[in-house]
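Participant:
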Amino acid sequence: MIRINPAHDPDVLKLAFQADRRMQIRDFFIAEDAERIHGLLSSETPWWLAYNVGSEVRQLPPDYLASLSQAELNQILGGIQERARTQYQFLYQFYPMVSNYFTPTAPKLGILAAYEFLNSPASLDFFRALTGRPDIRWADAQATLYRSGNFLKSHSDLDEGGHRVAAYVFNFTKLWERDWGGYLQFFDPQHDIEKAYRPIFNALNVFSVPQDHSVGMVSSFCYGLRYSITGWLRSDEPPGAFGRVSG
Numbered sequence: 069m070i071r072i073n074p075a076h077d078p079d080v081l082k083l084a085f086q087a088d089r090r091m092q093i094r095d096f097f098i099a100e101d102a103e104r105i106h107g108l109l110s111s112e113t114p115w116w117l118a119y120n121v122g123s124e125v126r127q128l129p130p131d132y133l134a135s136l137s138q139a140e141l142n143q144i145l146g147g148i149q150e151r152a153r154t155q156y157q158f159l160y161q162f163y164p165m166v167s168n169y170f171t172p173t174a175p176k177l178g179i180l181a182a183y184e185f186l187n188s189p190a191s192l193d194f195f196r197a198l199t200g201r202p203d204i205r206w207a208d209a210q211a212t213l214y215r216s217g218n219f220l221k222s223h224s225d226l227d228e229g230g231h232r233v234a235a236y237v238f239n240f241t242k243l244w245e246r247d248w249g250g251y252l253q254f255f256d257p258q259h260d261i262e263k264a265y266r267p268i269f270n271a272l273n274v275f276s277v278p279q280d281h282s283v284g285m286v287s288s289f290c291y292g293l294r295y296s297i298t299g300w301l302r303s304d305e306p307p308g309a310f311g312r313v314s315g
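Each residue of the sequence shown is one higher than the one before, counting from 69 in our numbering.
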């Protein structure tokens, strides 16, 4: 079972959210549930590598990554660094929760219970009340891991169909130092940082789409791991029925 901290009233939080179209809510889950999710992310989740080449998103599974030579991996990383000089670029580790949840033959790892929780009637009602958007129908999700050298350049999250109502980040990062980078950053029209959220254990970041934001590069001297579950609250048709893990 995953439980939202009952101290959080979405009707009260809604007032702060409407003022800035974004907010961070600390101690979001019951503490023991947040600890359990962190344990799943840090011990049993297989991490893929995600990056882009122009508009093409490339997702490399763990077995393929293990087959690469150091020279081949360096070539991939070198291309990412070169493109990042002049183009939109990202680099981080992830676990594809949606595709694994809806693929009957995919292993049903424990972390998928968190995805099912996100799409429970109670969770969706919480987010509808918080954002003031009754048209939210479901949440997509991926688990993410940022380590030294990883980053996500500035973008707005605006999608072609306009179905992304709001973005969310559940943070499961422990003992993150302020000089390590990896902050979720929001920019004003002059490209100055208007607000930035440090990765804090058991905190929810949520913001309306579109908003110009990035994840700052994790510093070269960082030895920590930035775990999260992130995605969008959406207004379009969900890809299937929920209840595959516990149902």
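Where is the CB? At the ideal position from N, CA and C, for every residue including glycine.
Counting only C-beta atoms, is Phe269 closer than 7 Å to chain D at any point?
Facilitator: Annotation note: the requested chain D is absent from the structure, which comprises a single protein chain.
Participant: Do the stretch 277-288 and the stretch 210-218 touch if we need at least three Cβ pairs shorter than 8 Å?
Facilitator: Touching, yes.
Participant: Would you grab the beta carbon distance between Asn239 and Ser296 for me? Rounded to a whole angstrom, and I think it's under 8 Å.
Facilitator: About 5 Å; that satisfies the 8 Å criterion.
Participant: Relative to the alpha-carbon of Arg266, which residue among Lys242, Pro278, Asp280 has its alpha-carbon at the smallest distance?
Facilitator: Of Lys242, Pro278, Asp280, the residue nearest in Cα terms is Lys242.
Participant: With respect to the beta strand (DSSP E) encompassing Val286, which residues constitute its N-terminal and C-terminal limits?
Facilitator: Note, Val286: premise wrong, no beta strand (DSSP E); not H, not E.
Participant: Taking the alpha-carbon of His231 as reference, which of Gln253, Gly249, Asp208 has the nearest alpha-carbon?
Facilitator: Ranking the options by Cα distance to His231, first place goes to Asp208.
Participant: Quick one: Cα of Glu150 to Cα of Lys221, how far?
Facilitator: So the two alpha carbons sit approximately 14 Å from each other.
Participant: Would you call the stretch 84-91 in contact with the stretch 109-117, where contact means no fewer than 3 C-beta pairs closer than 8 Å?
Facilitator: The stretch 84-91, when compared against the stretch 109-117, does not touch it at the 8 Å Cβ threshold.
Participant: Rounded to whole angstroms, what is the Cα-Cα separation between Pro278 and Leu252?
Facilitator: If I take the Cα positions, the gap works out to 15 Å.
Participant: Can at least three beta-carbon pairs, one atom from the stretch 255-271 and one from the stretch 92-102, be found at a separation below 8 Å?
Facilitator: Enough Cβ pairs lie closer than 8 Å, so yes.
Participant: Under 7 Å, do Thr199 and Ala234 count as touching if we go by C-beta distance?
Facilitator: Yes.
Participant: How close, in whole Å, do the beta carbons of Tyr156 and His76 come, if the pair is a contact with beta carbons under 8 Å?
Facilitator: 34 Å between Cβ atoms; not a contact.
Participant: Taking three-plus beta-carbon pairs below 8 Å as touching, is the stretch 172-181 in contact with the stretch 105-114?
Facilitator: At 8 Å Cβ cutoff, the stretches touch.
Participant: When DSSP labels each residue in this structure, what does Asn270 get in the three-state scheme?
Facilitator: DSSP places Asn270 in coil when its eight states are reduced to three.
Participant: In the DSSP assignment, find the unbroken alpha helix (DSSP H) run with Thr173 in it and report its ends.
Facilitator: Neither: Thr173 is in no alpha helix (DSSP H) and is coded neither H nor E.
Participant: Could you round the C-beta distance between Pro307 and Phe170 to whole angstroms and report it? I think they count as a contact, below 8 Å.
Facilitator: Sure, about 6 Å apart at Cβ, within 8 Å.
Participant: Which first and last residues belong to the beta strand (DSSP E) in which His106 is found?
Facilitator: It is not in any beta strand (DSSP E) - His106 instead sits in the alpha helix (DSSP H) that spans 99-111.
Participant: Give the straight-line distance between the Cα atoms of Met69 and His281, rounded to the nearest whole angstrom.
Facilitator: Their Cα atoms are separated by approximately 32 Å.
Participant: Look at the alpha carbon of Gly315 and the alpha carbon of Pro189, and state the distance between them as a whole number of angstroms.
Facilitator: For Gly315, the predicted model reports a pLDDT of 45, less than 50, meaning its position is unreliable and no value from the coordinates is stated.
Participant: Excluding five sequence neighbours on each side, which residues of the same chain lie with their C-beta closer than 7 Å to the C-beta of Pro129?
Facilitator: So the qualifying residues of the chain are Trp116.
Participant: Which one or two residues does DSSP pair with Tyr183 in a beta bridge?
Facilitator: According to DSSP, which records beta bridges pairwise, Tyr183 is partnered with nothing at all.
Participant: From this set, Ser123, Tyr163, Ser137, Leu133, which residue's C-alpha is nearest Ala152's C-alpha?
Facilitator: Comparing Cα-Cα distances from Ala152 to each of Ser123, Tyr163, Ser137, Leu133, the minimum goes to Ser123.
Participant: Give me the residue from Glu262, Ser167, Gly250, Ser303 with the minimum Cα distance to Gly292.
Facilitator: It is Gly250.
Participant: Thinking C-beta only, is Pro78 closer than 7 Å to Ala182?
Facilitator: Contact: no.
Participant: Less than 7 Å between the C-beta atoms of Phe85 and Glu184, yes or no?
Facilitator: No, Cβ-Cβ distance for Phe85 and Glu184 is not below 7 Å.
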